[in-house]
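Below: one structure, written as structure tokens.
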Amino acid sequence: MVKTIYYTEPTDDVVQSAHQDFQLQDDFRWLRTKPAERCWSWMIRGGAKAFAYLYTYGWRRAKIVGQAKLQPYQNQGYFVYGNHTQPVNDVFMPFLIGQAQHFYALAAPANWGIPIIGPLLSYGGALPVGNSLHQTAQLLKAVQTVSRHQGHVFIYPEAHVWPNYTEIRPFPDTSFRFPIKNQRPAFAMTTTYQKPRWGKKPRLTVFIDGPFIPDQNLSLKKQQSWLHDQIQAAMISRARLSNYEAIKYIQERR
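Our numbering applies: residue 36 is where the sequence shown begins, and numbers increase by one.
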């Protein structure tokens, strides 16, 4: 029997966390740059990449298509936007797509409230989006810093994870200011779902598209809007390649 999830709006958070209300401390540091912290970061990123090989290619039997499009940009910063449909694979797969030691990702502050794992997230490249204007300013500063030092920043603009969802949910253009402000290329990363050869667990095919580089003669706002539209269109086009629905999503009317 196919599992069913009911929702009212495409912005609903269908996966609830026990740490949903976690707040970052006022003195939280977005980047770990001290010598000892760099050592911890190197080890944690290496361990995450090793786990990603086992989980992404082994357990999830995922296939990544178009990864070569990133190769010309490996020695500079870039941004990757993906649909958020895998609670675990979306965390670890980017360590395989980009360079693990240059990996960064925007994440909800609630993740830092997870015992044991939460305090380690920053060493692995996770950047919390923040809960205040001050924290947002710190995030912008951190993203600018890593993008100037070959940082590969992964962003899930849909915000909330919808497991195995086969369509693209609407998302705002807010996060698309990062590539514009930092003058870096952007890519789309779309996870699609195919019928399994055996069992009920879908096979994953992940498509990389891009680079998307807006015309700098346009205003910053128009560049941001153009980038949003291009990446959204690429993700919608790729999502149509899904042919297997492991979870059925049904919208409830108010």
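Note that beta-carbon positions come from the ideal geometry of N, C-alpha and C, so glycine has one too.
Local conformation of residue i per DSSP, three classes
i	result
Ile40	strand
Val100	strand
Val126	helix
Phe247	strand
Ser157	helix
Pro150	coil
Asp264	helix
Gly82	helix
Lys257	helix
Glu280	coil
Gln106	helix
Thr68	coil
Gly93	helix
Ser52	coil
Arg273	helix
Arg73	helix
Residue i, buried or exposed, once every other Cβ within 10 Å from all chains shown has been counted against 16
i	result
Ser210	buried
Met128	buried
Glu193	buried
Trp77	exposed
Asn217	buried
Tyr284	buried
Trp327	The structure shown does not extend to residue 327, since the chain spans only 36 to 289, so no value can be given for it.
Pro144	buried
Arg288	exposed
Residues bridged to residue i (per DSSP)
i	result
Pro163	Ala142
Gly117	Met224
Arg238	Gln229
Ile285	Tyr41
Phe189	Val115 and Ala140
Contact test: residue i Cβ vs the ligand HEM heavy atom, cutoff 8 Å
i	result
Lys98	Absence of the ligand HEM is noted for the structure shown, with no ligands found whatsoever.
Cutoff 6 Å; reference residue i; Cβ partners in own chain excluding five residues on either side
i	result
Arg238	Arg96, Gln229 and Pro231
Gln258	Ile215 and Pro249
Lys84	Phe130 and Ala135
Sequence-distant residues of the same chain with beta carbon closer than 8 Å to residue i, five excluded per side
i	result
His195	Thr46, Asp47, Asp48, Val49, Val50 and His119
Ala71	none
Leu262	Asp208, Phe211, Pro214, Ile215, Ala221, Phe247 and Pro249
Trp65	Ser157, Leu162, Pro163, Gln173, Leu174, Lys176 and Ala177
Glu280	Val37, Asn199, Thr201 and Tyr228
Close-in-space but distant-in-sequence residues of the same chain around residue i (CB under 7 Å, 5 per side omitted)
i	result
Gln9	In the structure displayed, the chain extends from 36 to 289; residue 9 sits before or after that span and is not available.
Gln170	Leu59
Gly186	Gly112, His137 and Tyr139
CB contact check: residue i to chain B, cutoff 9 Å
i	result
Tyr42	The chain inventory of the structure shown lacks chain B, comprising one protein chain alone.
| request: Would you list, in sequence order, the uninterrupted beta strand (DSSP E) runs of no fewer than 3 residues that lie entirely inside the segment 168-217? | output: 187-190
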